Amino acid sequence: MSDNKQNAVRETLAKGAAKADAAYMSRRITIDPITRLEGHGKIDIFLNDAGDVDRAYFQVPELRGFEKFAEGRLAEDMPQITSRICGVCPTAHHMAGTKALDDLYKVEPTDPRRKSAR
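Have a look at this one:
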(Lines of atoms letter the chains of each structure in order from A and count residues from 1; the text may use other names and numbers.)
(Lines give C-alpha, C1' and ligand atoms only; values in the text may rest on other atoms or scores of the structure.)
Protein backbone atom coordinates (compact mmCIF):
# COMPACT_ATOMS: atom_id res chain seq x y z
CA MET A 1 0.00 0.00 0.00
CA SER A 2 1.36 3.41 -0.92
CA ASP A 3 2.22 6.04 1.68
CA ASN A 4 -0.62 8.27 0.46
CA LYS A 5 -3.16 5.48 0.94
CA GLN A 6 -1.77 4.61 4.36
CA ASN A 7 -1.98 8.25 5.43
CA ALA A 8 -5.55 8.45 4.11
CA VAL A 9 -6.50 5.32 6.07
CA ARG A 10 -4.87 6.66 9.25
CA GLU A 11 -6.62 10.00 8.81
CA THR A 12 -10.00 8.29 8.29
CA LEU A 13 -9.45 6.10 11.36
CA ALA A 14 -8.39 9.11 13.45
CA LYS A 15 -11.52 11.04 12.39
CA GLY A 16 -13.70 8.05 13.23
CA ALA A 17 -12.07 7.66 16.63
CA ALA A 18 -12.49 11.37 17.38
CA LYS A 19 -16.15 11.16 16.39
CA ALA A 20 -16.67 8.11 18.61
CA ASP A 21 -14.92 9.84 21.52
CA ALA A 22 -17.13 12.92 21.11
CA ALA A 23 -20.27 10.80 21.00
CA TYR A 24 -19.19 8.94 24.13
CA MET A 25 -18.35 12.12 26.02
CA SER A 26 -21.54 13.98 25.14
CA ARG A 27 -23.73 11.82 27.31
CA ARG A 28 -27.35 11.95 28.28
CA ILE A 29 -28.55 11.06 31.77
CA THR A 30 -32.27 10.42 32.16
CA ILE A 31 -34.15 10.21 35.45
CA ASP A 32 -37.55 8.72 34.69
CA PRO A 33 -39.81 8.62 36.56
CA ILE A 34 -39.20 11.29 39.14
CA THR A 35 -40.56 9.81 42.34
CA ARG A 36 -40.62 12.89 44.54
CA LEU A 37 -43.49 14.70 42.89
CA GLU A 38 -47.18 14.08 42.44
CA GLY A 39 -47.88 12.96 38.89
CA HIS A 40 -45.42 12.06 36.18
CA GLY A 41 -42.16 13.72 35.28
CA LYS A 42 -38.68 13.15 33.94
CA ILE A 43 -35.34 14.91 33.82
CA ASP A 44 -32.87 14.72 30.93
CA ILE A 45 -29.33 15.95 31.63
CA PHE A 46 -26.90 16.40 28.74
CA LEU A 47 -23.17 16.48 29.46
CA ASN A 48 -20.58 18.22 27.30
CA ASP A 49 -17.23 16.86 26.17
CA ALA A 50 -15.66 17.69 29.53
CA GLY A 51 -18.38 15.79 31.39
CA ASP A 52 -19.99 18.95 32.78
CA VAL A 53 -23.71 19.69 32.51
CA ASP A 54 -24.38 21.38 29.18
CA ARG A 55 -28.16 21.58 29.50
CA ALA A 56 -30.98 19.95 31.43
CA TYR A 57 -34.69 19.56 30.79
CA PHE A 58 -37.46 18.97 33.31
CA GLN A 59 -40.53 17.53 31.63
CA VAL A 60 -44.02 17.14 33.06
CA PRO A 61 -46.20 15.78 30.26
CA GLU A 62 -49.55 16.42 31.88
CA LEU A 63 -51.36 19.72 32.35
CA ARG A 64 -52.30 20.14 35.97
CA GLY A 65 -53.77 23.62 35.58
CA PHE A 66 -52.65 25.05 38.92
CA GLU A 67 -51.92 28.34 37.17
CA LYS A 68 -55.69 28.87 36.92
CA PHE A 69 -55.83 29.18 40.71
CA ALA A 70 -53.49 32.17 40.47
CA GLU A 71 -55.32 34.18 37.81
CA GLY A 72 -56.85 37.35 39.20
CA ARG A 73 -55.43 36.79 42.69
CA LEU A 74 -53.19 39.07 44.68
CA ALA A 75 -49.56 38.02 44.62
CA GLU A 76 -49.55 38.19 48.43
CA ASP A 77 -52.15 35.40 48.55
CA MET A 78 -50.06 32.93 46.59
CA PRO A 79 -47.99 31.44 49.45
CA GLN A 80 -51.21 30.39 51.22
CA ILE A 81 -52.88 29.16 48.02
CA THR A 82 -49.88 27.21 46.74
CA SER A 83 -49.29 25.57 50.12
CA ARG A 84 -52.78 24.07 49.94
CA ILE A 85 -52.53 22.76 46.37
CA CYS A 86 -50.18 19.92 47.30
CA GLY A 87 -50.80 17.73 50.32
CA VAL A 88 -47.33 16.20 50.13
CA CYS A 89 -45.11 19.27 50.43
CA PRO A 90 -47.07 22.33 51.63
CA THR A 91 -44.07 23.90 53.39
CA ALA A 92 -41.92 23.80 50.26
CA HIS A 93 -44.68 25.44 48.20
CA HIS A 94 -45.25 28.09 50.87
CA MET A 95 -41.53 28.93 51.00
CA ALA A 96 -41.29 29.05 47.20
CA GLY A 97 -44.25 31.45 47.05
CA THR A 98 -42.74 33.61 49.79
CA LYS A 99 -39.34 33.72 48.09
CA ALA A 100 -41.05 34.62 44.80
CA LEU A 101 -42.70 37.58 46.56
CA ASP A 102 -39.34 38.66 47.98
CA ASP A 103 -37.92 38.58 44.46
CA LEU A 104 -40.98 40.33 42.97
CA TYR A 105 -40.79 43.22 45.41
CA LYS A 106 -36.96 43.24 45.52
CA VAL A 107 -37.03 42.63 49.27
CA GLU A 108 -33.94 41.36 51.03
CA PRO A 109 -34.96 39.42 54.17
CA THR A 110 -33.21 40.26 57.42
CA ASP A 111 -30.26 38.11 58.50
CA PRO A 112 -32.21 36.12 61.15
CA ARG A 113 -35.03 35.46 58.66
CA ARG A 114 -32.65 34.39 55.93
CA LYS A 115 -30.94 31.93 58.31
CA SER A 116 -34.26 30.38 59.38
CA ALA A 117 -35.32 29.78 55.75
CA ARG A 118 -32.41 27.45 55.03
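Be aware that the sequence shown starts at -15, since it is given in our numbering, and climbs by one per residue.
Backbone N, C-alpha and C fix where the C-beta goes; we use that ideal spot for every residue, glycine too.
Note that this is a predicted model, so its numbers are computed, not measured.
With 16 as the cutoff for other CB atoms within 10 Å, does residue i come out buried or exposed?
| i | result |
| --- | --- |
| G71 | exposed |
| T184 | This structure does not reach residue 184, given that the chain is present from -15 up to 102, and the question cannot be answered. |
Taking 7 angstroms as the cut-off, decide whether the C-beta atoms of residue i and residue j are in contact.
| i | j | result |
| --- | --- | --- |
| I27 | F42 | yes |
| P63 | T82 | yes |
Give the single residue among the options whose Cα lies nearest to the Cα of residue i.
| i | options | result |
| --- | --- | --- |
| I15 | V44, M62 and R57 | V44 |
| L47 | D86, H24 and R11 | H24 |
| K52 | I69, E60, L88 and T19 | I69 |
| D87 | C73, P96 and E60 | E60 |
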